[in-house]
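Enquirer: Note that the working numbering has the sequence shown beginning at 3, numbered continuously upward. Built from N, CA and C at the ideal position, the CB exists for glycine as well. Since the structure is predicted, the reported quantities are computational estimates derived from the model, not experimental observations. What follows is a single structure, and I will ask about it in a moment.
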Amino acid sequence: MTRADQKLLRRELRREFGEENVSARRLYPKVTLPSGIKMDVQPHRSTYMPRQVLSLSPDRFRNNPKGREAVRNLKKQAQQNQHQWNGQLIEMSVIMFQQTHKGAKNFEIEKGLGKLLHKAAASDNPKQAMRKLLGTAEKQAPPAEAN
Numbered sequence: 003m004t005r006a007d008q009k010l011l012r013r014e015l016r017r018e019f020g021e022e023n024v025s026a027r028r029l030y031p032k033v034t035l036p037s038g039i040k041m042d043v044q045p046h047r048s049t050y051m052p053r054q055v056l057s058l059s060p061d062r063f064r065n066n067p068k069g070r071e072a073v074r075n076l077k078k079q080a081q082q083n084q085h086q087w088n089g090q091l092i093e094m095s096v097i098m099f100q101q102t103h104k105g106a107k108n109f110e111i112e113k114g115l116g117k118l119l120h121k122a123a124a125s126d127n128p129k130q131a132m133r134k135l136l137g138t139a140e141k142q143a144p145p146a147e148a149n
């Protein structure tokens with residue numbers, strides 16, 4: 003996506019959802035849907051986006067239904083409770099949690115990340131804080147029971 007494509011996308015989103023429902027201050031538009039849910043429209047291939055914004059693969063949840071469901075539920079929880087968790091932080095956190103807690107079910111992911119997301123979002127660098135918190139959470143996790 004080029005800058006010209008970005009402008010065209012913004013124009014079409016404003017035409018579809020209304021001028022007041024599409025933010026203009028971001029690298030990528032944030033759209034407020036009629037239901038009140040806010041959604042970022044982020045391109046996966048772009049010539050104008052900074053590398054760190056595009057760092058996560060667009061297919062990271064294609065073969066990860068537990069992670070996909072956990073992300074969906076955490077984003078919904080954030081929206082309903084007006085938490086300041088951005089989508090990219092939630093997605094990155096779910097992936098990191100799954101790496102440190104192999105085989106975790108989606109409700110375990112959601113429960114484990116809920117408290118950590120509050121702490122991370124309140125820090126100056128939420129992504130770095132989440133990495134640190136997940137390292138701590140991994141050490142404090144109870145040992146797995148032997149079968």
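Alpha carbon to alpha carbon, what distance is there between residue 35 and residue 74?
Expert: If you take the alpha carbons of residue 74 and residue 35, they lie about 16 angstroms apart.
Enquirer: Is any non-hydrogen atom of the ligand ZN found closer than 6 angstroms to the C-beta of residue 6, if you look at the structure I gave you?
Expert: The ligand ZN is absent from the structure shown, which contains no ligands of any kind.
Enquirer: Hey, residue 1 and residue 24: beta-carbon distance below 7 angstroms or not?
Expert: With the chain running from 3 to 149 in the structure shown, residue 1 is simply not present.
Enquirer: Taking the beta carbon of residue 105 as the centre, do at least 16 other beta carbons fall within 10 Å, making it buried, or is it exposed?
Expert: Exposed is the call here.
Enquirer: Could you spell out the range, first to last residue, of the alpha helix (DSSP H) harbouring residue 104?
Expert: No alpha helix (DSSP H) contains residue 104, which DSSP labels as neither H nor E.
Enquirer: What is the residue span of the beta strand (DSSP E) that residue 73 lies within?
Expert: Unbroken run through residue 73 is the alpha helix (DSSP H), 67-82; no beta strand (DSSP E).
Enquirer: With distances taken between CB atoms, is the gap from residue 92 to residue 118 smaller than 7 angstroms?
Expert: It is not a contact, given that the beta carbons lie outside the stated cut-off.
Enquirer: Between the Cα of residue 26 and the Cα atoms of 62, 39, 85 and 8, which residue gives the shortest distance?
Expert: Closest by alpha carbon: 8.
Enquirer: Which residue wins for smallest C-alpha separation from residue 137, given the options 81, 86, 103 and 14?
Expert: The residue with the shortest Cα to Cα distance from residue 137 is 103.
Enquirer: Using a Cβ-Cβ cut-off of 6 angstroms (strictly less than) and excluding sequence neighbours within five positions of residue 151, which residues of its own chain qualify?
Expert: One cannot answer for residue 151 here, as it falls past the ends of the chain, which runs 3 to 149.
Enquirer: Are residue 42 and residue 89 closer than 7 angstroms when you measure CB to CB?
Expert: Result yes, Cβ atoms of residue 42 and residue 89 sit closer than 7 angstroms.
Enquirer: Can you tell me whether residue 67 is buried or exposed? The criterion is at least 16 other CB atoms within 10 Å of its CB, across all chains shown.
Expert: Label assigned to residue 67: exposed.
Enquirer: With residue 7 as the anchor, note down where its alpha helix (DSSP H) starts and where it stops.
Expert: Looking at the DSSP string, the run of the alpha helix (DSSP H) that includes residue 7 is 5-19.
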